[in-house]
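The block underneath contains the structure these notes are about, expressed in structure tokens.
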Amino acid sequence: MVTYLVGALNGLAMGSLLFAIALGLSLVFGMMDVLNLAHGAVYLVGAYVAVALAGDGASPAAFVLAVPAAAGAGAVLGGVLAGLSRATPHHLDQALLTLGVSLVVAELLSVFFGNDVHSVAAPAPVAGSVTVFGESYPVYRLLVIGFGVVLAVGVYALVERSRLGSLIRATVADRGMVSALGVHTGRVLVGVFAAGAGLAAVGGVLAGPILGAAPGLDEKVLLLALVVVVIGGLGSVRGALLGAVLIGQVQALGTTLLPEYASFLVFAAMALVLLLRPAGLLPARTAVHA
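In the UniProt record's numbering, the protein residues as written are 1 to 290.
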């Protein structure tokens, strides 16, 4: 039972990271109808920003600084991707374009940082452990779980309960009408893309002390993010949260209890959801119109 409970906590920590990463992918694809296969590369940029600024044994201030630095780098890269994607309206062209950008970014990161696995130390104030369920558990992972809760509440309030969220949803639902009211819809959509990419880069920083940074990690993260989006439903904040928590639990508990079948269980969960709910567990109510 203790092993199960600790595994569940690990699943919540992994789910929080996946939520930060997959949320941007879900919103961009569900709201903007853009298939961004460079999302994993943006995550990897954030992870290497953590390596460059924090690394092993850096000061807590350096780690904190890595968060806005990665968010800024991700937002810039997201803005560039948004501009390129607007010039390629077809999904296949978008997939090939963003895949090409992903390969270029990953290669540049390998040139600058090498092909070794880099680790990132958790900030000293949260590097210790506390007793949970009678077992020692890292404080940093509890902090990541708390971050996921705050992010979920904040993004849901922004998208579903604020005037800015109403503007975003209206732009997605009827771009022509919003434009006729004098709103520059292109800026709204680029802003959503940049914010989603910034979140992915922040996820890379926060995942540094857990997953580190290494070539190929972008592909694994992108695959998990796509699974989360498919399970939760496109364009849905609640769906992304539910999908991330579910996949985090499946992966963590699968690794703990059935390590040889962990990867299979993730895709089995996705297949089951697709069989029962093809649109995802909590798809967005807003449809995308060009």
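Every residue, glycine too, gets a C-beta built ideally from N, C-alpha and C. Bear in mind that the values here come from a model prediction, so they are computed numbers and not experimental data.
Item                                                                                                                                                  : Value
So, at 7 Å on beta carbons, what are the nonlocal neighbours of Gly248 in its own chain, with the 5 sequence-adjacent residues on each side left out? : Gly11, Leu12, Met14, Gly15 and Leu18
Measuring only the C-alpha atoms, how far is Leu158 from Ser166?                                                                                      : 9 Å
So for Ser136, helix, strand or coil by DSSP?                                                                                                         : strand
Secondary structure at His118, three-state DSSP: helix, strand or coil?                                                                               : strand
Please check the pair Tyr137 and Val144, which I expect to be a contact at CB under 8 Å, by giving their CB distance rounded to whole angstroms.      : That pair is no contact at about 12 Å.
Taking the alpha-carbon positions, what's the Val49 to Leu189 distance?                                                                               : 26 Å
Quick check: Ser119 and Asp218, are their CB atoms within less than 8 Å of each other?                                                                : no
Given Ala106, which residues of its chain have a CB within under 7 Å of its CB, disregarding the five upstream and five downstream residues?          : Ala41, Leu44, Pro215 and Asp218
Counting Cβ pairs, one atom from each stretch, are 3 or more of them under 8 Å apart for the region 24-37 and the region 82-101?                      : yes
Going by Cα to Cα distance, which pick from Ala70, Ser26 and Leu5 is closest to Ala207?                                                               : Ala70
Per DSSP, what are the beta-bridge partners of Thr88 in this structure?                                                                               : In the DSSP output, where bridge partners are listed per residue, Thr88 has none listed.
Does the region 60-68 come close enough to the region 229-244 that 3 or more CB-CB pairs lie under 8 Å?                                               : no
Would you tell me roughly how many angstroms separate the C-alpha atoms of Pro259 and Val266, rounded to the nearest one?                             : 12 Å
Could you tell me the distance, in whole angstroms, from the CA atom of Leu23 to the CA atom of Val150?                                               : 14 Å
Which of the three DSSP states is assigned to Ala195 in this structure?                                                                               : helix
Under the three-state reduction of DSSP, which class applies to Ser162: helix, strand or coil?                                                        : coil
Nearest-angstrom Cα distance between Ala194 and Ala127?                                                                                               : 31 Å
Ignore the nearest five residues each way along the sequence and tell me which others in Gly134's own chain have a CB closer than 8 Å to its CB.      : Val2
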